[in-house]
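Novice: If you read the sequences in order, they're chains Y and C. Take any residue in the first sequence, note its place counting from 1, add 71, and you have its number in my numbering. Take any residue in the second sequence, note its place counting from 1, add 35, and you have its number in my numbering.
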Amino acid sequence: MKWIPEMAQIKRNGKQKLNMGETEERKLLRLILRKMWHLRLGVLGGFVLFILVVTALFTPFLAPGDPYKQDIAKRLLPPSWMEKGDSRHLLGTDHLGRDLLTRIMYGSRISLTVGLSAVFVEVALGVLLGLLAGFHGGKTDSVISFIVNVKMAFPFILLAMSLVAVLGPSLENIIIALGLTGWPVFARVTRIETMKLREREFVLAAKSLAFSTTRILVRHILPNLIPSILVLATVEVARAIIRESLLSFLGLGIQPPTPSWGTMLAEGRDYMLLQWWLATFPGMAIFLAALGINLWGDALRDLTDPHLRKS
Amino acid sequence: MMTGPSPYDPSPSASDLLRVQDLKKHFPIRKGLLGRSVGYVYAVDGVSFQIQKGETLGLVGESGCGKSTIGRCLLRLYEPTAGKILFCGTDIGQLQKRDLIRFRTKMQMIFQDPYSSLNPRLRVREIIGESIRVHGLAKEGQWQERVQELLSEVGLQPDHMARYPHEFSGGQRQRIGVARALAMNPELIVADEPVSALDVSIQAQVINLLDSLKEKHGLSYLVIAHDLAVVEHISDRIAVMYLGKLVEMARDRDIYLHPKHPYTEALLAAVPTPAAGGRQRRKNRKLIRGDVPSPINPPSGCRFHTRCPKVMLDCKRIEPPLVMVGPGHFVACLLYGGGGSCPNV
């Protein structure tokens with residue numbers, strides 16, 4: 072059959088008619104799905120993140136074994152697909168004969184908790200200070216900017232180490248340490264974006280409508296910052312996960328035998344040459360988690376932009 | 036002797052809605068770590084005028100002459116450096132927070148850029164309705180009806196209120212801006228270049244909208260523009276500004292048919308449309324050359340003397356006062372009285 076332009080037209084019209092009967096929800100769903108297709112990488116990231124979250128939430132039901140159960144007879148078993156591998160230990164066992172897959176799955180709980188909570192602290196601190204500095208300017212800005220600059224010049228590891236050393240290594244203290252070290256990025260981005268928005272006419276309009284400063288900040292400036300904050304937050308979640316691993320790797324984070332990816336990486340270091348899987352799989356878990364969160368964050372930014380919401 | 040109120044007339048008249056006296060706004064230029072001010076931008080440097088109830092004053096001038104700064108000072112978006120702004124007889128410079136809120140509901144602003152003046156993350160319903168809810172300007176639970184009412188009043192569909200600003204054209208967005216200002220039931224609207232960002236075909240629509248709203252609600256306007264053709268249609272009186280000062284102020288017909296100040300003449304010559312007296316004007320048009328001098332270091336004497344086609348020796352030395360040359364017609368130029376004698380110096 073020959074293809075003629077009119078047919079395309081008819082087809083298109085037919086489709087439009089169909090669309091007119093659609094309910095609002097279905098239309099929205101269709102738009103989201105179409106958008107999703109444009110954001111394939113984001114979907115991939117979302118998928119990785121989804122698996123991570125499900126794993127973290129339902130670890131006790133999903134994990135093949137007990138993360139603390141030692142079996143010296145079965146220590147340092149390679150992954151199951153290798154020679155001498157055991158089919159009951161998919162990714163092999165560590166130096167105490169604990170199942171590696173089980174421990175990585177339990178480790179996801181620590182990583183996600185630390186990543187999300189630390190970023191929550193960072194956002195709360197950074198955005199608040201950034202908003203105040205950017206909106207008020209002048210002395211407020213000078214003081215806050217000075218703190219931010221000092222904080223940024225200070226090596227992360229030194230501050231985090233001293234904080235953990237003073238507070239003692241525990242999950243809560245790691246979150247506090249990471250939160251207190253990571254917030255300046257948010258303060259900076261928020262400050263500069265707020266300064267730009269402060270001069271925009273819709274903010275002047277809000278002022279002339281006699282709205283309070285709080286209302287202007289919360290209703291008119293903050294929503295316009297969400298895309299930047301969101302993207303930054305996803306990057307920071309990934310970074311907090313890596314930093315938690317780093318602290319744990321250095322022995323300042325999660326203490327053994329609690330399974331954390333960083334601790335596992337540190338334990339596997341000694342066996343790097345021959346029992347490579349001990350360090351490789353936790354490392355891959357960190358990498359995949361960070362990558363997935365970053366990809367998903369990019370897509371999320373595109374989705375929340377009202378300019379892209381309707382195409 | 037000539038009649039009509041002088042811009043310096045201290046006695047407030049009952050019909051004055053707004054009275055601006057010797058308004059100054061100097062922006063400090065800060066440099067270095069400590070933010071020392073090393074100089075000032077003399078954006079507005081001693082401007083006086085008044086607007087009566089139901090009147091429209093057009094404020095015209097080149098970019099950077101301080102006309103927008105005046106608008107923003109009126110709404111106290113900027114704090115004036117000096118001078119008085121009397122609104123309905125009260126000095127708004129002295130208002131404290133609570134009274135300032137009440138005053139702000141009476142004076143509203145329409146902004147230049149319809150793309151930047153609407154919050155992109157709020158729906159139209161929120162943009163227009165927020166002030167109604169916050170200040171309780173409609174009966175409980177009826178703010179949405181009020182928004183619909185306002186939308187149809189500015190020529191938009193009531194069901195547009197569920198949309199976001201980016202779904203509208205420039206002209207429609209400007210209408211939303213007008214509706215937002217109207218929501219506060221203002222008495223005076225400062226329209227800062229209300230149409231300069233719009234297509235010429237849309238400009239007339241928005242101007243006509245402003246005109247019809249004025250009659251319906253008894254509004255007064257201060258229309259700021261750089262284009263005399265824009266204010267011509269809507270203004271009762273026109274004030275011409277140059278480098279932070281008023282150079283001429285008169286009823287619009289007087290400005291168009293009998294411009295006095297050389298700068299006003301030049302501005303009129305630059306109007307390309309066949310406006311009132313256009314053909315005659317074009318015959319002997321005098322275009323001015325060069326750029327506006329820097330408001331950081333304005334020229335001495337008459338600020339226009341560097342570009343004036345009729346410049347005289349005294350112009351460099353003597354700052355001309357605003358003098359009356361006809362009924363309600365004021366000019367600041369040494370050619371029209373005040374030459375040699377200057378009460379300001």
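Glycine included, C-beta positions come from ideal geometry on N, C-alpha and C. Since the structure is predicted, the reported quantities are computational estimates derived from the model, not experimental observations.
1) Along the alpha helix (DSSP H) that carries TYR291 (chain C), what are the first and last residues, could you check?
2) Please name the residue in Y:THR130, Y:HIS160, Y:GLY113 whose C-alpha comes closest to that of ASP142 (chain Y).
3) At a cut of 8 Å, does the region 294 to 311 of chain Y reach the region 332 to 341 of chain Y through at least three beta carbon pairs?
4) Looking only at DSSP bridge pairs, what is GLY93 (chain C) linked to?
5) Please confirm whether ILE136 (chain C) has its beta-carbon closer than 7 Å to some beta-carbon of chain Y.
6) Compute every distance between the C-beta of SER151 (chain Y) and the non-hydrogen atoms of the ligand NAD, then say whether any falls below 6 Å.
7) Under three-state DSSP, which class holds HIS170 (chain C)?
8) Measuring only the C-alpha atoms, how far is ILE323 (chain C) from PHE339 (chain C)?
9) Does DSSP classify TYR75 (chain C) as helix, strand or coil?
10) Ignore the nearest five residues each way along the sequence and tell me which others in ASP234 (chain C)'s own chain have a CB closer than 8 Å to its CB.
11) Straight-line CA distance for GLU222 (chain C) to THR140 (chain C)?
12) With a threshold of 7 Å on Cβ separation, who are the neighbours of GLY128 (chain C) within its own chain once the five nearest residues in sequence on each side are excluded?
13) Using a Cβ-Cβ cut-off of less than 8 Å, give me the residues of the region 143 to 157 of chain C that come near chain Y, in sequence order.
14) Three or more C-beta pairs under 8 Å: does that hold for the region 116 to 128 of chain Y against the region 358 to 375 of chain Y?
15) In its own chain, which residues sit with a C-beta less than 7 Å from the C-beta of LYS222 (chain Y), not counting the 5 before and 5 after it?
16) Just tell me which of Y:TYR177, Y:PRO240, Y:ARG262 has its CA closest to the CA of THR211 (chain Y).
17) In whole angstroms, what is the alpha-carbon distance linking ILE357 (chain Y) and ILE246 (chain Y)?
18) Check each candidate in C:LEU186, C:LEU281, C:GLN240, C:VAL213 and name the one with the smallest Cα separation from GLN56 (chain C).
19) If we ignore side chains and look at the alpha-carbon of each, how far apart do ASP51 (chain C) and ILE103 (chain Y) end up?
20) Distance check for PHE365 (chain C) and LEU357 (chain C), CA to CA, integer angstroms please.
21) Any idea if GLN87 (chain Y) is buried or exposed, counting beta-carbon neighbours within 10 angstroms, 16 or more meaning buried?
22) With distances taken between CB atoms, is the gap from VAL159 (chain C) to HIS195 (chain C) smaller than 7 Å?
23) Which one of Y:LEU374, Y:ASP369, Y:MET176 has the shortest CA to CA distance from THR305 (chain Y)?
24) Given that a residue counts as buried once 16 or more other Cβ atoms are within 10 Å of its Cβ, and exposed if not, what is TRP178 (chain C)?
25) The region 165 to 180 of chain C: which residues have C-beta closer than 9 Å to a C-beta of chain Y, in chain order?
26) Identify the contact partners of ARG272 (chain C) in chain Y, using a Cβ-Cβ distance below 9 Å as the criterion.
27) Is the number of C-beta pairs between the region 267 to 275 of chain C and the region 84 to 101 of chain C that are closer than 8 Å three or more?
28) Specify, as a first and last residue, the run of the alpha helix (DSSP H) that LYS249 (chain C) falls within.
29) Counting only beta-carbon atoms, is LEU110 (chain C) nearer than 7 Å to chain Y?
30) Going along chain Y, which residues have a C-beta under 8 Å from THR341 (chain C)?
31) Can you name the start and end residues of the beta strand (DSSP E) that VAL358 (chain C) belongs to?
32) What separation, rounded to the nearest whole angstrom, lies between the Cα atoms of SER233 (chain Y) and GLY163 (chain Y)?
33) For VAL73 (chain C), count neighbouring Cβ atoms within 10 angstroms of its own Cβ and tell me buried if that reaches 16, exposed if not.
34) Restricting to runs no shorter than 4 residues, where is the alpha helix (DSSP H) found entirely within the region 272 to 299 of chain Y?
35) Are the C-beta of ALA276 (chain Y) and some C-beta of chain C separated by less than 7 Å?
36) Pull the bridge partners of LYS59 (chain C) from the DSSP assignment, please.
Specialist: The relevant details are as follows:
1) Numbered from its first residue, the second sequence carries residue 291 (chain C) at position 256. It spans 287 to 292 - the alpha helix (DSSP H) in which TYR291 (chain C) sits, taken as one unbroken run.
2) As a working note, residue 142 (chain Y) is residue 71 in the first sequence. Cα-wise, what sits closest to ASP142 (chain Y) is Y:HIS160.
3) no
4) On the second sequence, residue 93 (chain C) is found 58 positions in, with the first residue counted as 1. GLY93 (chain C) is bridged to C:VAL258, C:ILE273.
5) As a working note, residue 136 (chain C) is residue 101 in the second sequence. Cβ-Cβ to chain Y under 7 Å: yes for ILE136 (chain C).
6) Among the components modelled here there is no ligand, and therefore nothing to report on the ligand NAD.
7) What you label residue 170 (chain C) is simply residue 135 of the second sequence in a count that begins at 1. DSSP places HIS170 (chain C) in coil when its eight states are reduced to three.
8) Within the second sequence, numbered from 1, the residue matching residue 323 (chain C) stands at position 288. Within the second sequence, numbered from 1, the residue matching residue 339 (chain C) stands at position 304. Each residue's Cα considered, the two are about 10 Å apart.
9) Along the second sequence, read from residue 1 onward, the residue named residue 75 (chain C) stands at position 40. It is a strand residue.
10) Here the question's residue 234 (chain C) lines up with position 199 in the second sequence. Counting only Cβ-Cβ distances below 8 Å, and skipping sequence neighbours, we find GLY205, GLY206.
11) Position 187 of the second sequence, counting from 1, holds the residue named residue 222 (chain C). Position 105 of the second sequence, counting from 1, holds the residue named residue 140 (chain C). One C-alpha to the other measures close to 9 Å.
12) Position 93 of the second sequence, counting from 1, holds the residue named residue 128 (chain C). Excluding positions up to five away in sequence, the list reads PRO115, LYS119, ILE120.
13) GLN143, MET144, PHE146, GLN147, ASP148, SER151, SER152, LEU153, ASN154, PRO155, ARG156, LEU157
14) yes
15) Start at 1 with the first residue of the first sequence, and residue 222 (chain Y) comes out as number 151. Cβ neighbours of LYS222 (chain Y) beyond the five flanking positions: PRO255.
16) In the first sequence, residue 211 (chain Y) corresponds to position 140, counting from 1. That would be Y:ARG262, whose Cα lies nearest to the Cα of THR211 (chain Y).
17) Indexing the first sequence from 1 puts residue 357 (chain Y) at position 286. Indexing the first sequence from 1 puts residue 246 (chain Y) at position 175. Taking the straight line from one Cα to the other gives about 17 Å.
18) Working through the second sequence from its first residue, we reach residue 56 (chain C) at position 21. When only C-alpha atoms are compared, the closest one is C:LEU281.
19) Position 16 of the second sequence, counting from 1, holds the residue named residue 51 (chain C). Position 32 of the first sequence, counting from 1, holds the residue named residue 103 (chain Y). Near 56 Å, if we compare the C-alpha coordinates of ILE103 (chain Y) and ASP51 (chain C).
20) For the purposes of this step, residue 357 (chain C) is taken as residue 322 along the second sequence, with counting starting at 1. For the purposes of this step, residue 365 (chain C) is taken as residue 330 along the second sequence, with counting starting at 1. Distance between the alpha carbons of LEU357 (chain C) and PHE365 (chain C): 6 Å.
21) Within the first sequence, the letter at position 16 stands for residue 87 (chain Y). For GLN87 (chain Y), the predicted model reports a pLDDT of 48, less than 50, meaning its position is unreliable; a value from the coordinates is still stated below. Flag for GLN87 (chain Y) reads exposed.
22) On the second sequence, residue 159 (chain C) is found 124 positions in, with the first residue counted as 1. On the second sequence, residue 195 (chain C) is found 160 positions in, with the first residue counted as 1. Yes.
23) Position 234 of the first sequence, counting from 1, holds the residue named residue 305 (chain Y). Minimum Cα distance to THR305 (chain Y) is reached at Y:ASP369.
24) Looking up residue 178 (chain C) in the second sequence gives position 143. Buried, since its Cβ has 16 or more Cβ neighbours within 10 Å.
25) GLU165, SER166, VAL169, HIS170
26) For this step, residue 272 (chain C) is matched to residue 237 along the second sequence. Neighbours of ARG272 (chain C) on chain Y: none; closest Cβ ~24 Å, over 9 Å.
27) yes
28) Position 214 of the second sequence, counted from the start, is the residue given in the question as residue 249 (chain C). From DSSP, the alpha helix (DSSP H) with LYS249 (chain C) extends over 235 to 252.
29) One-based indexing of the second sequence puts residue 110 (chain C) at position 75. Judged by the 7 Å Cβ criterion, LEU110 (chain C) is in contact with chain Y.
30) Stepping through the second sequence from its first residue, residue 341 (chain C) is reached at position 306. Those within 8 Å of THR341 (chain C) in chain Y number zero; the least Cβ separation is about 31 Å.
31) Here the question's residue 358 (chain C) lines up with position 323 in the second sequence. Counting along the chain, the beta strand (DSSP E) containing VAL358 (chain C) begins and ends at 358 to 361.
32) Indexing the first sequence from 1 puts residue 233 (chain Y) at position 162. Indexing the first sequence from 1 puts residue 163 (chain Y) at position 92. So the two alpha carbons sit approximately 36 Å from each other.
33) For the purposes of this step, residue 73 (chain C) is taken as residue 38 along the second sequence, with counting starting at 1. That one is exposed.
34) 272 to 279
35) Locating residue 276 (chain Y) in the first sequence gives position 205, counting from the first residue. Output row for ALA276 (chain Y): interface = yes.
36) Here the question's residue 59 (chain C) lines up with position 24 in the second sequence. In DSSP, LYS59 (chain C) forms a bridge with C:ASP80, C:ALA117.
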